[in-house]
Amino acid sequence: AADAQDEIAATIPLGFLGTPDDIAHTVVFLSSSASRWITGRNILVAGGRTHRAYQYQQRLEEE
Numbered sequence: 003a004a005d006a007q008d009e010i011a012a013t014i015p016l017g018f019l020g021t022p023d024d025i026a027h028t029v030v031f032l033s034s035s036a037s038r039w040i041t042g043r044n045i046l047v048a049g050g051r052t053h054r055a056y057q058y059q060q061r062l063e064e065e
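The sequence shown begins at 3 in my numbering and counts up by one.
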């Protein structure tokens, strides 16, 4: 299981898997008045894993 987690973490620009606390911090922020201008948005908490430039760079390195 640890090997699989390491493989997944290697695909994330920040280099580590997120935790429930990472999601909770986003929820707390969105529940606060600091986020009052944010409406109708999907917010990815993914450590940059979905960033296209990073995915492209990884593909180039594999070749």
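For each residue, glycine too, the CB sits at the ideal point set by N, CA and C.
Being a predicted model, the structure only gives us computed values, none of them experimental.
The alpha helix (DSSP H) enclosing residue i, as first and last residue numbers
| i | result |
| --- | --- |
| F18 | Run containing F18: none; DSSP gives neither H nor E here. |
| I25 | 22-33 |
| E65 | Note, E65: premise wrong, no alpha helix (DSSP H); not H, not E. |
| H4 | A small fix is needed here, since residue 4 is Ala in this sequence, not His. Segment 4-11, the alpha helix (DSSP H) holding A4. |
Residues near residue i by beta carbon distance below 6 Å, same chain, minus five either side
| i | result |
| --- | --- |
| I14 | G49, R51 |
| A4 | none |
Own chain residues within Cβ distance below 7 Å of residue i, not counting five before or after
| i | result |
| --- | --- |
| V47 | G20, D24, I25, T28 |
| G17 | A11 |
| H53 | P15 |
Close-in-space but distant-in-sequence residues of the same chain around residue i (CB under 8 Å, 5 per side omitted)
| i | result |
| --- | --- |
| Q7 | L19 |
| S37 | F31 |
| I45 | T28, L32 |
Three-way DSSP call (helix, strand, coil) for residue i in this model
| i | result |
| --- | --- |
| H53 | coil |
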